[in-house]
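Following this note's numbering, the numbering of the sequence shown begins with 30 at its first residue and continues without gaps.
Cβ atoms here follow ideal geometry from the backbone N, Cα and C, with glycine treated the same way.
What follows is one structure encoded as structure tokens, with my remarks underneath.
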Amino acid sequence: NYRNHRKLCVIDGTTAFIGGMNIAKRYVSGRGHQPWRDTHLRIRGGAVYAVQRAFLVDWYFVDRTLINSRSYYPPVPFAISNNCLAQVVTSSPIAMWPDIMQGYVRILLEARQYVYLETPYFLPTDPVLFAMRTAAIAGVDVRLMVPRHSDAKLVEWASTSYIREAIEAGVKICFYEDAFNHSKLLICDDMLCSCGSTNVDFRSFENNFESNIFFYDHDLTMRLKQVFLDDLTHCTVAETTADLPHTPFYTRLWQASARLLSPLL
């Protein structure tokens with residue numbers, strides 16, 4: 030049940046990739062007739078060392094081989110021309126604290142203008158849902174982008190219950206219509222953004238080995254904000270429960286029942 034959900038690639042200690050993409054054919058051709066949409070980042074500079082460290086810790090965990098030679102951490106072969114601060118954060122079920130979940134909660138509670146989120150699965154833990162609702166009630170523009178239809182029906186049914194609860198607190202739900210959006214993004218107040226493997230669900234926050242990179246930089250945040258805004262053009266936005274499709278009572282009862290399985294999905 031504890032799986033490594035991280036998506037990391039390091040090349041020669043100088044270039045790294047991190048984000049939401051797995052290595053699978055459907056990331057190019059889609060699953061069935063449904064194309065996939067994802068976000069992955071190329072990292073250069075000192076942050077590559079942090080991505081590599083996350084990989085080497087995992088390698089030691091499974092192989093008991095400690096790789097710490099200086100040759101794996103070569104000098105940066107080019108000049109960095111920005112002041113971008115990057116922080117690679119990992120979380121796992123064996124860690125003392127759920128670091129990525131705590132980071133999301135803190136960002137939501139400290140936001141002043143907006144928080145934009147993209148996730149393919151929305152089955153939030155109680156702290157994250159509470160933080161989203163608190164931010165929205167306080168007047169922060171909280172927007173959550175999810176696929177119109179999930180690739181797993183049971184997850185979609187359970188997610189609908191949480192979506193209704195979030196909308197009631199003022200969270201705007203953006204249903205991505207063009208494809209299955211597998212991106213995991215967070216953008217806040219034009220100054221902080223994150224991308225990685227973490228979904229807004231129980232499994233990512235509590236059960237999986239995950240990795241995200243957080244950037245504290247205006248320019249890069251604006252680039253990822255534009256990614257979100259471009260995706261928004263392919264969305265239908267629901268701002269109130271009246272914008273949701275009419276759902277019969279027995280369907281809502283089934284969705285609420287599926288919600289009970291959220292920690293296992």
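Who pairs with Ile-202 in a beta bridge, going by DSSP?
For the purposes of this step, residue 202 is taken as the residue at position 173 of the sequence shown. According to DSSP, which records beta bridges pairwise, Ile-202 is partnered with Leu-173, Ala-267.
Does Pro-103 pass the burial test, meaning 16 or more other C-beta atoms within 10 Å, or should it be called exposed?
Numbered from 1 along the sequence shown, position 74 holds the residue referred to as residue 103. So Pro-103 ends up on the exposed side.
Straight-line CA distance for Met-161 to Ser-240?
The residue you call residue 161 lines up with position 132 of the sequence shown. The residue you call residue 240 lines up with position 211 of the sequence shown. Each residue's Cα considered, the two are about 21 Å apart.
Compute the distance between the beta-carbons of Leu-114 and Cys-224, then report whether it is under 8 Å.
For this step, residue 114 is matched to residue 85 along the sequence shown. For this step, residue 224 is matched to residue 195 along the sequence shown. No.
Could you tell me whether the Cβ atoms of Thr-174 and Asp-219 are closer together than 8 Å?
The residue labelled residue 174 in the question sits at position 145 within the sequence shown. The residue labelled residue 219 in the question sits at position 190 within the sequence shown. At residue 174 the sequence reads Met, which differs from the Thr that was named. Not closer than 8 Å, so no.
Contact between the region 230-246 and the region 125-136: three or more CB pairs below 8 Å?
yes
Are the beta-carbon atoms of Tyr-191 and Pro-156 separated by less than 8 Å?
Looking up residue 191 in the sequence shown gives position 162. Looking up residue 156 in the sequence shown gives position 127. In this structure, Pro-156 does not lie closer than 8 Å to Tyr-191 by Cβ.
Considering only the beta carbon of each residue, do Thr-148 and Glu-206 sit closer than 8 Å?
One-based indexing of the sequence shown puts residue 148 at position 119. One-based indexing of the sequence shown puts residue 206 at position 177. No; because the gap between Cβ atoms is not below 8 Å, this pair is not in contact.
How far does the alpha helix (DSSP H) with Tyr-89 in it extend, from its first residue to its last?
On the sequence shown, position 60 is the one that residue 89 refers to. Here the alpha helix (DSSP H) through Tyr-89 covers 76-92.
Does DSSP put Ala-187 in a helix, a strand or coil?
In the sequence shown, residue 187 corresponds to position 158, counting from 1. Reduced to three states, the DSSP call for Ala-187 is helix.
So Arg-66 and Asn-210 are supposed to be a Cβ contact under 8 Å. How far apart are they, rounded?
Against the sequence shown, residue 66 aligns to sequence position 37. Against the sequence shown, residue 210 aligns to sequence position 181. Right, their Cβ atoms sit about 5 Å apart.
Enclosing beta strand (DSSP E) for Ile-40 [first to last residue]:
As a position in the sequence shown, residue 40 is number 11, starting the count at 1. For Ile-40, the uninterrupted beta strand (DSSP E) segment begins and ends at 37-40.
Taking the beta carbon of Gln-81 as the centre, do at least 16 other beta carbons fall within 10 Å, making it buried, or is it exposed?
Locating residue 81 in the sequence shown gives position 52, where the first residue counts as 1. Per the 10 Å Cβ criterion, buried.
Hey, Leu-253 and Leu-214 are a contact pair by Cβ (cut 8 Å); roughly how many whole angstroms apart?
In the sequence shown, counting from the first residue as 1, residue 253 sits at position 224. In the sequence shown, counting from the first residue as 1, residue 214 sits at position 185. About 6 Å separates the two Cβ atoms, so the contact holds.
Using the Cα positions of Pro-176 and Asn-30, report the straight-line distance between them to the nearest angstrom.
Your numbering for residue 176 matches position 147 in the sequence shown. Your numbering for residue 30 matches position 1 in the sequence shown. About 25 Å.
If I measure Cβ to Cβ from Ala-108 and keep anything under 7 Å in the same chain, skipping five residues before and after, which residues do I get?
Stepping through the sequence shown from its first residue, residue 108 is reached at position 79. Excluding residues within five positions, none has a Cβ falling inside 7 Å.
One question on the structure: do Thr-262 and Ile-196 come within less than 8 Å of each other, judged by their Cβ atoms?
Working through the sequence shown from its first residue, we reach residue 262 at position 233. Working through the sequence shown from its first residue, we reach residue 196 at position 167. Cβ atoms of Thr-262 and Ile-196: not closer than 8 Å.
In three-state terms, what does DSSP make of His-69?
The sequence position of residue 69 within the sequence shown is 40, counting from 1. Three-state DSSP puts His-69 in a strand.
Hey, Ala-83 and Arg-35: beta-carbon distance below 8 Å or not?
In the sequence shown, the residue the question calls residue 83 occupies position 54. In the sequence shown, the residue the question calls residue 35 occupies position 6. The answer is yes: Cβ separation under 8 Å.
On the DSSP bridge list, what partners appear for Val-118?
One-based indexing of the sequence shown puts residue 118 at position 89. Asn-241, per the DSSP bridge assignment.
Distance, Arg-172 Cα to Ile-50 Cα
Numbered from its first residue, the sequence shown carries residue 50 at position 21. Numbered from its first residue, the sequence shown carries residue 172 at position 143. Before going on, a small fix: residue 50 reads as Met here, not Ile. Cα-Cα distance, rounded: 22 Å.
Please report how far the alpha carbon of Gln-116 lies from the alpha carbon of Ala-187, in whole angstroms.
Position 87 of the sequence shown holds residue 116. Position 158 of the sequence shown holds residue 187. About 32 Å.
Taking DSSP's pairing of strands, which residues face Phe-234 in a bridge?
Taking the first residue of the sequence shown as position 1, residue 234 is located at position 205. Answer by DSSP bridge pairing: none, since Phe-234 is not bridged.
Using three-state DSSP, classify Leu-249 as helix, strand or coil.
Looking up residue 249 in the sequence shown gives position 220. Helix, per DSSP.
Assign Arg-232 to one of two classes, buried (16 or more other C-beta atoms within 10 Å of its C-beta) or exposed (fewer than that).
Here residue 232 refers to the residue found at position 203 of the sequence shown. The residue is buried, with at least 16 neighbouring Cβ atoms inside 10 Å.
To the nearest angstrom, report how far apart Val-256 and Asn-111 are at their CA atoms.
The residue given as residue 256 occupies position 227 in the sequence shown. The residue given as residue 111 occupies position 82 in the sequence shown. Straight through space, the alpha carbons of Asn-111 and Val-256 are spaced by roughly 20 Å.
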